[in-house]
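Quick note, the sequences are listed as chains A and B, same order.
With numbering that gives the first Met the number 0 applied, the first sequence covers 0 to 283.
With numbering that gives the first Met the number 0 applied, the second sequence covers 0 to 137.
The beta-carbon is built from N, C-alpha and C at its ideal position, and this holds for glycine as well.
In what follows, a single structure is set out as structure tokens and then discussed.
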Amino acid sequence: MKAFVFSMIAVSFMMLLIFLAAATATGYAEMERSFIDPLAVSYASSTMGNVGRQFSLILLPDASVTDGNGTVFIRIADSIPRPATSSAINEFNSFVANNLSTMVHANITTNISKVNGSSLEILAADKFTYSNGLNGSSEMFFGKLPSGATDVRSYSLNITVDDYRASESLFIWDPLGDIDVTVYYFDYNGTGLSQGKLKSDATNSLSLGYGNASRLILDIGEININGSYSDGAIRMNLTNGLLASFVLVAELPAQPSNASSNLVFQIPMTYSQDGIYKAINASR
Amino acid sequence: MRSRKGFVITLDAIVALSFMLLSLYFIQAMSFNPTAMKGTQLKQFSLDALSVLEKSGSLGKAITGNTTAARDILLYSPEPYCMQLSIVAMNGSSVATIDKPGCMGAQTEVQISHGAFRFNGILYSTTLRSWFREEVNE
């Protein structure tokens, strides 16, 4: 009887150790899985981030949104017309679908159907629209679409044109205006400055004439876009093949805390690999 | 009779001890092996390094022939990590191959990370090979 009890104790102890070993092994495996499994998603994010940044380099102007003390500054450096992007987009799209997908052993798809040639629309701070070269035009616009007031406090614009200025028709300033405007224009004639106040709900224009009867027309205030009026907006239009680069800084009041300051564009992208599926809108 | 009883008890103790040691051996054999973790850590680090190389402009400089910045980033990675960056143009020609200094020799457990990089209108593919530095036995 005594021996039986001892044997039972020994067997119980042995079983306890075996169960302990099994539980430890299972625990370790689960711990390792909990560390490793999310990494596949992390790899996907890394690759998609890389692809998104390259699309940004091709598509987006040099733009930034800075949140100051009760003020938001949107800075955009760009040119009119925008550099041709169609071939670059198609080339990169093909590279992602074929080369990169093969290299990372994943299926990456990008939908570039919403990118129309050199046209691009960017949403900044959730409600402001910057567009440049939409539908092949030589026109830049910043304001609220489809309508509304930007409540912009100031616009600062530096324009560079590689041509001789033949004529100029400057803004008619309004001391009661609610937008501080500073426009520098650099060309073969030197540097011009136009500075003053404009009303955001009035139509205000500046026009510079260059060779081959080309013109640079700058509108600030109430602007009609496809029948809708945007107050406090800015639009620059170049005619007859004129080229210009510019840096625009818009000073806006503080935006709602939930406003997004991301600049985005429409390139839906998916990544799938061994049960991992991730879909994002390529953005910067 | 008493000596026989003692022998049985000793044998029983030896058998029990054997089972216990066997169990302990299994626990040790099945214990947490961090090799896989180290590999994924290295992979994660190499992806981050590739991103840093891209965002810092070091890849662009390397394409123009100045590999110092890219080499510095590789150099300041953790000491046990070895890395080799390759930049290849779309036509397949190698533009730059940059090694982390002091990382010659065999490459085992290599992690490979790929990316794309566009510079001055030309598309490049980037590959970062990472492995653990060989321990030198002195």
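Limits of the beta strand (DSSP E) - the one that residue i falls within
i	result
A:T238	Careful: A:T238 lies outside any beta strand (DSSP E) and carries neither H nor E.
B:W130	121-131
B:F116	110-118
A:T128	127-131
A:A165	164-168
A:N110	Taken as a continuous stretch (DSSP letters only), A:N110 belongs to no beta strand (DSSP E), as it is neither H nor E.
A:L207	202-209
Of the residues the options, the one placed nearest residue i, counting alpha carbons only
i	options	result
B:M82	B:S2, B:L49, B:T9	B:L49
B:I62	B:T96, B:D71, B:Y80	B:T96
A:S137	A:R81, A:Y42, A:N211	A:R81
A:G189	A:Y27, A:V160, A:F245, A:L215	A:V160
A:F185	A:I275, A:Y209, A:T202	A:Y209
B:T39	B:S112, B:I121, B:K60, B:A12	B:S112
B:V87	B:T126, B:T107, B:D71, B:L23	B:T126
A:M139	A:I279, A:P252, A:P60, A:M268	A:P60
B:K37	B:F116, B:Q110, B:Y123, B:L122	B:Q110
A:F127	A:L242, A:T149, A:L133, A:S271	A:T149
B:P79	B:L10, B:V51, B:K99	B:K99
B:F25	A:A28, A:L16, A:E29, A:R32	A:L16
A:S168	A:R152, A:L217, A:I266	A:L217
B:R128	B:G56, B:Q106, B:G91, B:A12	B:Q106
A:N98	B:Y75, B:S124, B:L46	B:S124
For residue i, the three-state DSSP class (helix, strand or coil)
i	result
A:M0	coil
A:Y184	strand
A:N284	The structure shown does not extend to residue 284 of chain A, since chain A is modelled only from 0 through 283, so no value can be given for it.
A:G189	strand
A:K143	strand
B:G38	helix
A:Q254	coil
A:T269	strand
A:S11	helix
A:V103	coil
A:G135	helix
A:V160	coil
A:V246	strand
B:A28	helix
A:L175	coil
B:G101	coil
A:Q194	strand
A:R214	strand
A:G274	coil
A:S230	Per the sequence shown, the amino acid found at residue 230 of chain A is Asp instead of Ser. In this structure, A:D230 counts as strand in the three-state DSSP scheme.
B:S45	helix
A:S155	strand
Residue i classed as buried or exposed, judged by whether at least 16 other C-beta atoms fall within 10 angstroms
i	result
A:V10	exposed
B:K54	exposed
A:T20	Checking the sequence, you will find Ala at residue 20 of chain A rather than Thr. Buried: at least 16 other Cβ atoms inside 10 Å.
A:S93	exposed
A:S130	buried
A:D304	In this structure chain A extends from 0 to 283, so residue 304 of chain A is not present and cannot be described.
A:A253	exposed
B:M103	exposed
A:F245	buried
A:M14	exposed
A:M268	buried
B:S17	exposed
A:Q53	buried
A:G26	exposed
B:R117	buried
A:R234	buried
A:I73	buried
Any non-hydrogen atom of the ligand SAH closer than 8 Å to residue i Cβ
i	result
A:S55	The ligand content of the structure shown is nil, which means the ligand SAH is not present either.
Quiz item: Can you list the alpha helix (DSSP H) stretches of 4 or more residues lying completely in the region 21-100 of chain A, in chain order?
Solution: DSSP runs (the alpha helix (DSSP H)) wholly in the region 21-100 of chain A: 85-94.
Practice problem: List in chain order: all unbroken alpha helix (DSSP H) runs of 4+ residues lying wholly within the region 56-96 of chain B. | Solution: Annotation note: the region 56-96 of chain B contains the following uninterrupted alpha helix (DSSP H) runs of length 4 or greater, listed N- to C-terminal: 57-62, 67-74.
Exercise. Name, going along the chain, the residues of the region 34-48 of chain A whose beta-carbon falls closer than 8 Å to a beta-carbon of chain D.
Key: Considering every chain present, this structure includes no chain D. Its protein chains are A and B.
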